[in-house]
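Participant: Residue 652 in the numbering used here sits at position 652 of the sequence shown, and the numbers go up by one each step. Ideal placement from N, C-alpha and C gives every residue a C-beta, glycine not left out. All values derive from a computational prediction rather than experimental measurement. The structure's right below; bear with me while I get my questions together.
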Amino acid sequence: MDQLRKNKVSLRGASTGEISRDDLLAKVSQERELRSYARRANAAALFIQRVWRSYIVRKRAALELREEWEILLNHHAGSVTRSWVSSSVLRPFLFFIRSLSVQYQKIQARDISCTQTCFKNLLESMNSNDPNCNFCLLAVGTLEERRAWACQTRKLVSLCAFLLTECNKSHERIKDVIVVNALALRILVVLTDPKSWKGITKDNFKDAEIAGKMLILFLGARRSGYYTAVRRYFLTLNKQMDDRLLITTSAVTLAIRPFHMRESDFVDGDQPDIILSVEEYIASVLTIPRLTQCLPSALICALKHRTVLTPIFRTSLTSWDKVLTRLLEIGRAEKQSPSSMVIPPVGWALGNIIYLATVSENGFVDPQGSIPHMFYVSYVHAAMTLAENFLSRLENVGNQDIHRDFEASADESGAGENSIKISYLELLRPICQQWHLVKLLAASRKDTPVITEKSASLGNQEGSEKLELSDIARFYSSMLRIFGVLNHVGSLPVLNMLSFCPGFLVSLWSSLESLLLPENVHTAGNSSRSSTESSLNKRRVSEKKVKSPKNDGVNKLVDVLNKFAGKSQAMHYDMNLARGQPESSQVNEEPTNTVWDVETLRGGPLGLSKDVSCLLHLFCATYSHLLLVLDDIEFYEKQVPFVLEKQRRISAVLNTLVYNGLLRGTSPENRQFMDSAVRCLHLLYERDCRHSFCPPALWLSPGRTNRPPIAVAARTHEVVSANDVLTSPSMGSVITITPHVFPFEERVHVFREFISVDKASRKMAGEVDAPGSRSIEIVVRRGHVVEDGFRQLNSIGSKLKSSIHVSFVNESGLPEAGLDYGGLSKEFLTDITKAAFAPEYGLFSQTPTSERLLVPSPSAQHLEDGIQMIEFLGRIVGKALYEGILLDYSFSHVFIQKLLGRYSFLDELSGLDPELYRNLVYIKHYDGDVIELCLDFTVTEEYFGKRSIIELKPGGKDISVTNENKMQYIHAMADHKLNRQILPFSNAFYRGLTDLISPSWLKLFNAHEFNQLLSGGNHDIDVDDLRNNTKYTGGYSESSRTIKIFWEVMKGFEPSERCMVLKFVTSCSRAPLLGFKYLQPTFTIHKVSCDTSLWAAIGGQDVGRLPSASTCYNTLKLPTYKRASNMREKLLYAISSNAGFELS
1 MDQLRKNKVS
11 LRGASTGEIS
21 RDDLLAKVSQ
31 ERELRSYARR
41 ANAAALFIQR
51 VWRSYIVRKR
61 AALELREEWE
71 ILLNHHAGSV
81 TRSWVSSSVL
91 RPFLFFIRSL
101 SVQYQKIQAR
111 DISCTQTCFK
121 NLLESMNSND
131 PNCNFCLLAV
141 GTLEERRAWA
151 CQTRKLVSLC
161 AFLLTECNKS
171 HERIKDVIVV
181 NALALRILVV
191 LTDPKSWKGI
201 TKDNFKDAEI
211 AGKMLILFLG
221 ARRSGYYTAV
231 RRYFLTLNKQ
241 MDDRLLITTS
251 AVTLAIRPFH
261 MRESDFVDGD
271 QPDIILSVEE
281 YIASVLTIPR
291 LTQCLPSALI
301 CALKHRTVLT
311 PIFRTSLTSW
321 DKVLTRLLEI
331 GRAEKQSPSS
341 MVIPPVGWAL
351 GNIIYLATVS
361 ENGFVDPQGS
371 IPHMFYVSYV
381 HAAMTLAENF
391 LSRLENVGNQ
401 DIHRDFEASA
411 DESGAGENSI
421 KISYLELLRP
431 ICQQWHLVKL
441 LAASRKDTPV
451 ITEKSASLGN
461 QEGSEKLELS
471 DIARFYSSML
481 RIFGVLNHVG
491 SLPVLNMLSF
501 CPGFLVSLWS
511 SLESLLLPEN
521 VHTAGNSSRS
531 STESSLNKRR
541 VSEKKVKSPK
551 NDGVNKLVDV
561 LNKFAGKSQA
571 MHYDMNLARG
581 QPESSQVNEE
591 PTNTVWDVET
601 LRGGPLGLSK
611 DVSCLLHLFC
621 ATYSHLLLVL
631 DDIEFYEKQV
641 PFVLEKQRRI
651 SAVLNTLVYN
661 GLLRGTSPEN
671 RQFMDSAVRC
681 LHLLYERDCR
691 HSFCPPALWL
701 SPGRTNRPPI
711 AVAARTHEVV
721 SANDVLTSPS
731 MGSVITITPH
741 VFPFEERVHV
751 FREFISVDKA
761 SRKMAGEVDA
771 PGSRSIEIVV
781 RRGHVVEDGF
791 RQLNSIGSKL
801 KSSIHVSFVN
811 ESGLPEAGLD
821 YGGLSKEFLT
831 DITKAAFAPE
841 YGLFSQTPTS
851 ERLLVPSPSA
861 QHLEDGIQMI
871 EFLGRIVGKA
881 LYEGILLDYS
891 FSHVFIQKLL
901 GRYSFLDELS
911 GLDPELYRNL
921 VYIKHYDGDV
931 IELCLDFTVT
941 EEYFGKRSII
951 ELKPGGKDIS
961 VTNENKMQYI
971 HAMADHKLNR
981 QILPFSNAFY
991 RGLTDLISPS
1001 WLKLFNAHEF
1011 NQLLSGGNHD
1021 IDVDDLRNNT
1031 KYTGGYSESS
1041 RTIKIFWEVM
1051 KGFEPSERCM
1061 VLKFVTSCSR
1071 APLLGFKYLQ
1081 PTFTIHKVSC
1091 DTSLWAAIGG
1101 QDVGRLPSAS
1111 TCYNTLKLPT
1121 YKRASNMREK
1131 LLYAISSNAG
1141 FELS
């Protein structure tokens, strides 16, 4: 049966091995694809054969035609007519030159001779006075002649563009190529200038002018390739190529021909062609790197002409999208070019336009025209548009990536990134000139119409917008950012000019004040301010529809954090704490604190319009730069450039802006704006810390209603990234950059919390297992506290955080009895600072001011281990701060500024060396010739009888101080005294201090607050607080008669006497910042029993023993006095005797 099935045959005629349906379909599909491929391959083969045969035929025909053409010209003896030139010379020449050279983008040697011969014949015809022989007159001939002339001249333009690119290539017959280019460009110059045609009559001049204009329009069009060829030619050109001067001159002449066409010459459909020509000129010519460096001065003057620049400015506004698209195409095509990699084409366009718009070192091009001063308006708008796009390119692409790519493909000539940047910044040099700004400000005061982006053409359509101060601010704000990215000294050249331009800063603030503080501004004002206000108000309203800061979300977040931190809303509103600094008589306290919280800035930078942001950026950058050179006499006495009332308003505006910007975040493009605002705010705040001109409530005002809880902000303080601290909303960034918005007492709580957390982490790490473990035991001789402490503790670094057990050795060499439970270590810290900070020790000296503040002595570097000793003292001070032990010393603000990582400027010199400060201010305001003072750039210093001369700048001893460089001298001298001289000591002290105290903890405070943190509060004590935190031993209690008398006597003392009592007991005359609750060890009054009876006291006798103190335990040993007068007398004697334990 199985055998029969094997031999069974299908009735359909197929065998048992037939394929399935899916396989059949796949096979059919594959065969169809093969047939399709075969058809396409056949068609492609036919196409290739057709193209190849066409190429062979055309090439053969071109070779034959060239042979015949050469024979014809060599043997031609007849007359040279214009028709013969067109049909017999030019027409065949254009055919074979295109087929044999242009098509290959390389001119053949034989074609060079043919081209030269053709152009000579053509020029000979064009110079003929005979109308029948002049080729140019074909343009006014019959219809056929006109068409032939138009076609052939356009092909000549394209051929000229090709020949111009050949000048850039290494060619064995380069001299002949240069001659051919000179002839070709000469021909085009004549053809595009109908006025120079010979044989033209009045009757046909109009037709000739139309023909010339049409040729010019084609020359400026992109399809002609002329501007692209000019770009390639200029890219390899330099001023040393004298043999190409004629070519360069003709090329520039032709490039600006479209700009010289009058608007009256336009006919229907011509205006768009003119706009296209200007667009192509901007994209191809004005983006050439170092354009002005490779052209002769005469040609640069031609490019600077008003008739050339005005259409450029207008087109930059009306057709910006098209121009930008073209610039991007050029940038992609030349992405491997070093110049384009460092500076994109839009940047070169900006630089070239700014350079060309200035005729000389002190003026713009002649702005006179049909509309007065419109040139300035168009210039600012065009440059501003280019600058903002250039900045977006720099920010999007990333300056570091550009630099890295450039370094990988630097050209062989060695022209590196810096040389390109220097060349580019040279183009922007007019921006740094004061006349540039002055003329723009003058134009802004005139009611000038301008062609705006709404304009559709280059015609007479005018917009109603005028040049505003906000436009100038946007322009200079962009330039500051550009200089900040490209210049190795940042935006310093621009800021130097802006800061000292008369009235500019005041004008900026007047506009800002009218916009941000309208209720505080009088209605009287100039017209420019009112027009600026109305314009910016309109823009701000329109932009606020798009931008709306999410205040509700932030407020909700703050409410949640308040609940999380256990802080009620009532508590939040009642935190009106001052900074603990005495107010100046110049400060007028406002009846309400809300006046200092500027409502218009509560949204931060995100809530501002573009115009207001640029005004603020420019103001902050300029004023912060000016503040560096303003001395206290100018700021407080002369009150320039602003009176103190305006200074307070400026401080309030910046304080509100920066606080809300940090709390809500800002965009990356506003980074430089926020940097400037923060820098300006810090300068004003630090000046107020030295000499107050603002009420304390001003600095606390922005955070009174929505300040994040201090506990939450503190936990984020140390984890804030330095990279995004200005752009990302962060409570940590608020306390990092603007800690002053938190009351001083709150920040002290944060500081102590940081230390508590650090101690807890050390305990968890096993560094502090139990009391007394891992402690450091040292033995100190009474007369050598500094030396013994330095020898035993200097090398342990951060381990000084551990407990110190001190054993004292008396002057006889015998160990003193007693165990150290904290009192002896406190005594050790007190004694070592008392000895080391004494001026006679040589490490520190006192400032000549009334405060007698401590500052490192310059002679310390000449002492043995002087720098190491100062580093050790930094650790000792850090130990005191870490343990909460008060030291009755205060450092100079300049020295503390260095510990906080801040640079000091001239105005701070008055607190360090008042005499030198007065002398420098005298030189600054000296009316005569400073050279009469016989000063040079040196300073003489004397140490241990030896004098040394230090140069303030290289070669300073040979540089005399003059009226021109006296500001350099003043600031060099101040920099030497404030920064360079003190820097080695502050660095050493900082290294020791930060072994125990984190730098981020220190930055919570300013210089004045740091001294308070170290030495305590104000120069008085709260008797009730001290009484509530006092411990009684030896038999005393709060109800004891002697104790009651003591507190009565304390309240009757003068503040200075109370401080002396506190110093007598604790060795520090100031109370702890957070109250006596935090005094360690606790203030103690110990009973000293005496034998005087009550009847003796009634009879007039009382205890004669003096009170004594044990400062290491903060213990007052008080005899049992019975009378208040006697206690007062004994206490005053004891505290005035400079003795403590010895009185026991």
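#1: Please state the DSSP three-state secondary structure of G363.
#2: Taking 8 Å as the cut-off, decide whether the C-beta atoms of T656 and L606 are in contact.
#3: If you draw a straight line from the alpha carbon of L843 to that of S859, how long is it in whole angstroms?
#4: Based on the DSSP secondary-structure assignment, which residues constitute the bridge partners of F891?
#5: Check for me: the alpha helix (DSSP H) holding Q116 runs from which residue to which?
#6: Tell me which residue opens and which closes the alpha helix (DSSP H) that P1119 is part of.
#7: Just how far apart, CA to CA, sit G141 and S125?
#8: Considering just the uninterrupted stretch of the alpha helix (DSSP H) at I354, what are its terminal residues?
#9: T1042 to F751, Cα distance in whole Å?
#10: In terms of residues, what are the limits of the alpha helix (DSSP H) holding I970?
#11: For K1160, which residues from the same chain have a beta carbon less than 6 Å from its beta carbon, with the 5 sequence-adjacent residues on both sides left out?
#12: Verify whether the separation of the beta carbon atoms of Y355 and P296 is less than 8 Å.
#13: Could you name each continuous alpha helix (DSSP H) segment of 4 residues or more that falls completely within the region 908-952, going from the start of the chain to the end?
#14: Would the region 1007-1018 count as touching the region 892-905 if we require 3 or more Cβ pairs under 8 Å?
#15: Cβ of S101 less than 8 Å from any chain D Cβ?
#16: Are there 16 or more other CB atoms within 10 angstroms of the CB of D913, so buried, or fewer, so exposed?
#17: Cβ atoms of N660 and L618: under 8 Å apart, would you say?
#18: Using only the heavy atoms of the ligand PLP, determine whether one of them is closer than 7 Å to the beta carbon of R481.
#19: So who's on the other strand from Q639, going by DSSP bridges?
#20: Quick check: the Cα distance between E513 and I353, rounded to an integer number of angstroms?
#21: Tell me, which residues are paired with I256 by DSSP?
#22: Just mark P1055 as buried or exposed, buried being the case when its beta carbon has 16 or more other beta carbons within 10 Å.
#23: Three-state secondary structure (DSSP) at Q981?
#24: If we ignore side chains and look at the alpha-carbon of each, how far apart do P194 and D207 end up?
#25: Going by alpha carbons, who is nearest to H1019 out of L814, L1062, L394 and S250?
#26: Measure the C-alpha to C-alpha separation of R21 and R35 and round it to an integer number of angstroms.
#27: Please state whether the Cβ-Cβ distance between I247 and I178 is less than 8 Å.
#28: Would you call the CB atoms of I71 and D176 closer than 8 Å?
#29: Work out the CA separation of S890 and I737 for me, nearest whole Å.
#30: On the premise that F673 lies in contact with G703, defined as a C-beta separation below 8 Å, what is that separation, rounded to the nearest angstrom?
#31: Going by the DSSP bridge assignment, what does R781 pair with across the sheet?
#32: Would you tell me roughly how many angstroms separate the C-alpha atoms of R679 and G823, rounded to the nearest one?
#33: Counting beta carbon pairs with one atom in the region 943-961 and one in the region 994-1002, are three or more of them shorter than 8 Å?
#34: What do you reckon, are the CB atoms on A974 and F905 nearer than 8 Å?
#35: Just verifying my parser: in three-state terms, what is the DSSP assignment at K898?
#36: Contact check, E279 vs V323 under 8 Å by CB: the rounded distance?
Facilitator: Let's see:
#1: Under the three-state reduction of DSSP output, G363 falls in the strand class.
#2: Contact: no.
#3: Their Cα atoms are separated by approximately 7 Å.
#4: L854.
#5: Residues A109 to M126.
#6: Note, P1119: premise wrong, no alpha helix (DSSP H); beta strand (DSSP E) at T1115 to P1119.
#7: The straight-line gap from Cα to Cα measures roughly 15 Å.
#8: Per DSSP, I354 is one residue of the alpha helix (DSSP H) stretching across P345 to L356.
#9: Those two C-alpha atoms are separated by around 38 Å.
#10: Unbroken alpha helix (DSSP H) run through I970: K966 to D975.
#11: No answer is possible for residue 1160: the residues shown for the chain start at 1 and end at 1144.
#12: No. Outside cutoff.
#13: Here the runs fully enclosed are 914-924.
#14: A contact exists between the region 1007-1018 and the region 892-905.
#15: The chain labelled as chain D is not found in the depicted structure, where only one protein chain is given.
#16: Around the beta carbon of D913, a 10 Å sphere encloses 16 or more other beta carbons of the protein chains shown; the residue is thus reported as buried.
#17: No, the pair does not count as a contact, with Cβ atoms beyond the cut-off.
#18: The ligand PLP is absent from the structure shown, which contains no ligands of any kind.
#19: In the DSSP output, where bridge partners are listed per residue, Q639 has none listed.
#20: If you take the alpha carbons of E513 and I353, they lie about 33 Å apart.
#21: In DSSP, I256 forms no bridge with anything.
#22: So P1055 ends up on the exposed side.
#23: It is coil, neither helix nor strand.
#24: Using only the alpha carbons, I get a separation of about 9 Å.
#25: Looking from the CA of H1019, the closest CA among L814, L1062, L394 and S250 belongs to L1062.
#26: So the alpha carbons of these two residues sit roughly 21 Å apart.
#27: The beta carbons of I247 and I178 sit closer together than 8 Å.
#28: Result no, Cβ atoms of I71 and D176 do not sit closer than 8 Å.
#29: Spanning the alpha carbons of I737 and S890 requires a straight line of approximately 24 Å.
#30: In this structure G703 does not touch F673 by the C-beta definition: roughly 21 Å separates them, more than the 8 Å allowed.
#31: The beta-bridge partner set that DSSP reports for R781 consists of V809.
#32: R679 and G823: Cα-Cα distance of roughly 44 Å.
#33: Verdict: no, contact absent.
#34: Yes; because the gap between Cβ atoms is below 8 Å, this pair is in contact.
#35: In the three-state scheme derived from DSSP, where H, G and I count as helix and E and B as strand, K898 is classed as helix.
#36: The beta-carbon distance between E279 and V323, rounded to whole angstroms, is 5 Å. This is short enough to meet the 8 Å contact definition.
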